[in-house]
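Have a look at the structure below, then the notes.
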Amino acid sequence: MASASEAERTQEAACRVLEQVFKDAELDWEHPEGSPRTYVVTLPGTRKLATTCALTVGRHTLAVNAFVVRRPDENHDAFHRWLLERNIRIYGVSYAIDRLGDVYLTGRLPLAAVTPEEVDRLLGSVVENADGSFNTLLELGFAEAIRKEYAWRTSRGESTRNLEAFRHLTGEGTSGPEGEA
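Numbering of the sequence shown is given in my numbering, commencing with residue 212 and proceeding in unit increments.
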């Protein structure tokens, strides 16, 4: 069993690795007040735009937690099935839900495995599975809300630019009532 000083040195080394990865990738990060071994980093994306990710250096592991999307409004079974099926294929993290049903990516890594390459791989997995899956999750769990938002915006002459990925749900650019082109 590692002594307290060995464990502290391992934790400090992991903290240095994280800070160097954040610096090299030019990521914005901070420590929450009173939590010097917790890092909150903003990961840029294209669909979700940004994913907030917390990394906590514990005594033996690095824990990662990232908010993905709130609890779905509809289609719960298909939504959760998609998450569980996806868990089989993703690296380093898994989808999880909190007591409210909101979706997170969570993972743990032994401190001995905290290297710049492994942290980069882990953060890449967070981005791929939070940002890359974001539109699919919105389609599965929020289709009716997307349709209502589209109708509200078009009735007021508002921009629907950020809803373009969901044209197949809104009927935009289609000629038939069922979304037929």
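Positions of the beta carbon are idealized from the N, C-alpha and C atoms, including for glycine.
Ranking LEU260, ARG372 and LEU380 by CA distance to the CA of ARG358 puts LEU380 first. One alpha carbon belongs to VAL228, the other to GLU219, and they sit about 14 Å apart. A residue is called buried once 16 or more other Cβ atoms fall within 10 Å of its Cβ, and ASP342 is buried on that count.
The region 287-299 and the region 263-273 do not touch, with fewer than 3 CB-CB distances between them shorter than 8 Å. Within the DSSP secondary-structure output, TRP240 pairs in a beta bridge with VAL252. The beta carbons of GLY303 and LEU320 sit closer together than 9 Å. The alpha-carbon of GLN231 is positioned some 15 Å away from that of LEU254.
If the five residues before and after TYR250 are omitted, its C-beta is found closer than 6 Å to the C-beta atoms of LEU229, TRP240 and LEU266, all from its own chain and listed in chain order.
Remark: three or more beta-carbon pairs, one from each stretch, lie closer than 8 Å, so the region 330-344 and the region 299-318 are flagged as touching.
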